[in-house]
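In our numbering, the protein residues as written are 251 to 610.
The block underneath contains the structure these notes are about, expressed in structure tokens.
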Ligand SMILES: [Zn+2]
Ligand SMILES: [Zn+2]
């Protein structure tokens, strides 16, 4: 089968012939139908996220169950599923209290693929840039039939990460004001998470006009174009009568944006950091500013519970309450992967989606 393999540091990704083994106990093989390109795939290529090589890239995807290993009872052959990257165990104390993103037993890197006769690794427990992939059963999350596959694919990272940060982690309340720094693939989903939560005001900061236009369509109430030289901190204070917002979200991975997002917190407010800066990035905060019950928190993968959240998000889409069509800027074939990466890095894509279909 064809798959996008990253096999050489500093090199490009190549679509090559790759083998995948049959599922064993607790595993599921999936025929991928659609896969989204996310910044984390690029982070693997440029070394921000070191990953063992060779690896089959991609972690956002949807498809149909093709085969199940012994003991798998959650899905059957032919079921439509969205890939989750968590691969959580389901039994540890964190899983038991409904926080699978904090699972005590993260899976060890697996090599279900073969590339040029050698074992090849999965990426993020997923490897969706492939005609077929092999995952733990907990990573194959059933969704309603009738959910279109390109739209379904995006649920598995961009949508759950953004919407989940608002609903699961920050728990924004109806009527609260929020600010969102960055209106890329994740930021747009933070914005629509705010709409679902009933936020009274969603102030969005970016420096690309196209992204601010997207933000407006996704429910932003106020747009701040920082390419004009305005100070977003002062502008947000002005918009909120000097008090600041109840929630701010950083969805860029920029230390400057994190500091600005902290500076706009009202008393009692919370900064949720969704973006991923360099792994060794540090920042300073004024500790005294925390005294009035301000909070700074991280958020991994939307603090998701995929088995509950993915079908819920698909259902919201099917009922017209979640925008996914509007997130898909462009469709690609797997062979166009390097073009898609260039387009993403130029900031042209909210999301690019690969239409994947196996020949056999
Ligand atoms: Zn991602
Ligand atoms: Zn666990």
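Glycine included, C-beta positions come from ideal geometry on N, C-alpha and C.
Cβ neighbour criterion (16 or more within 10 Å) applied to residue 603: buried
Would the C-beta of residue 450 count as close to ligand 1, meaning under 7 angstroms from any of its heavy atoms? no
Does the distance from the C-beta atom of residue 524 to that of residue 406 stay below 8 angstroms? no
Return yes when the C-beta of residue 345 is under 7 angstroms from any heavy atom of ligand 4, and no when it is not. The model on display carries ligand 1 and ligand 2 but not ligand 4.
Nearest-angstrom Cβ-Cβ length linking residue 279 and residue 270, presumed shorter than 8 angstroms: 7 angstroms
Beta-carbon spacing of residue 438, residue 412 below 8 angstroms: yes
Closest residue to residue 281 among 376, 321, 324 and 342 (Cα-Cα distance): 376
Kindly give me the distance between the Cβ atoms of residue 373 and residue 301, rounded to whole angstroms, as I take these residues to be in contact under 8 angstroms. 6 angstroms
Residue 357: CB within 7 angstroms of a non-hydrogen atom of ligand 2: no
Burial state of residue 273, where buried means 16 or more other Cβ atoms lie within 10 Å: buried
So, are the CB atoms of residue 268 and residue 403 less than 8 angstroms apart? no
Residues near residue 489 by beta carbon distance below 7 angstroms, same chain, minus five either side: 453 and 472
Given a cut-off of 8 angstroms, decide if residue 506 and residue 434 are closer than it, judged by their beta-carbon atoms. no
Bridge partners of residue 402, per DSSP? According to DSSP, residue 402 bridges with nothing at all.
Among all the DSSP beta bridges, which residues are the ones paired with residue 428? 452 and 497
Can you tell me whether DSSP reads residue 582 as helix, strand or coil? strand
Since residue 408 and residue 310 should fall inside the 8 angstroms C-beta cutoff, what is the C-beta to C-beta distance between them, to a whole number of angstroms? 7 angstroms
According to DSSP, residues forming a beta bridge with residue 480: DSSP output for residue 480 lists no bridge partner at all.
Got a sec? Which residues, its chain only, sit under 6 angstroms from residue 514 by beta carbon, not counting five neighbours each side? 429, 483, 486, 494, 495 and 498
According to DSSP, is residue 312 part of a helix, a strand, or is it coil? strand
Please report how far the alpha carbon of residue 414 lies from the alpha carbon of residue 340, in whole angstroms. 19 angstroms
Residue 369 (DSSP reduced to helix, strand or coil): strand
Ends of the beta strand (DSSP E) at residue 411? First-last for residue 411: 410-414, but that is the alpha helix (DSSP H), not the beta strand (DSSP E).
Other residues of its chain near residue 459: CB distance less than 8 angstroms, five sequence neighbours each side excluded: 475 and 477
Beta-carbon proximity check, residue 266 vs residue 365, cutoff 8 angstroms: yes
Would you say residue 350 and residue 338 are within 8 angstroms of each other, going by their C-beta atoms? yes
For residue 605, which three-state DSSP category applies? strand
Can residue 378 and residue 308 be called in contact, C-beta distance under 8 angstroms? yes
Are the beta-carbon atoms of residue 503 and residue 537 separated by less than 8 angstroms? no
So, does the region 589-607 touch the region 565-580, judging by three or more C-beta pairs under 8 angstroms? yes
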